[in-house]
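A.B. asks: Below: one structure in structure tokens.
Numbering (our numbering), first residue to last: 4 to 99.
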């Protein structure tokens, strides 16, 4: 069953009084090539090697606290930090 303004007891707004006039003009839209990658291409697959490393308690506490703040894994943060360091170091070696 369709409700009307009278059914709900609400007041009619000005925007509801305005009549919409549609034209017969063509829609100016064009089809574009699908540029989105496949879902499986969005999964980053880095080759990982497990290592054992002794870090200071202070460092681990820092990364665990920050990881909690950003809802992520502290080991992932350490791994990303090392990856960024390596990329910057290698980029600097090429410039020199």
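From the three backbone atoms N, C-alpha and C, an ideal C-beta is built for every residue, glycine too.
List the endpoints of the continuous alpha helix (DSSP H) containing residue 31.
C.D. replies: Walking along the chain shown from the start, residue 31 turns up at place 28. Per DSSP, residue 31 belongs to no alpha helix (DSSP H) and is neither H nor E.
A.B. asks: Anyone know if the C-beta pair for residue 56 and residue 66 falls short of 8 Å?
C.D. replies: Sequence index remark: in the chain shown, residue 56 carries index 53 (1-based). Sequence index remark: in the chain shown, residue 66 carries index 63 (1-based). Taking 8 Å as the Cβ cut-off, residue 56 and residue 66 do not qualify as a contacting pair.
A.B. asks: If you drop the 5 nearest sequence neighbours on each side, which residues of the same chain put their C-beta closer than 6 Å to that of residue 77?
C.D. replies: In the chain shown, the residue the question calls residue 77 occupies position 74. Result list for residue 77: 66, 67, 70, in chain order.
A.B. asks: Let me know the secondary structure DSSP gives residue 66 once reduced to three states.
C.D. replies: In the chain shown, counting from the first residue as 1, residue 66 sits at position 63. It is helical.
A.B. asks: Does DSSP put residue 92 in a helix, a strand or coil?
C.D. replies: Here residue 92 refers to the residue found at position 89 of the chain shown. Helix.
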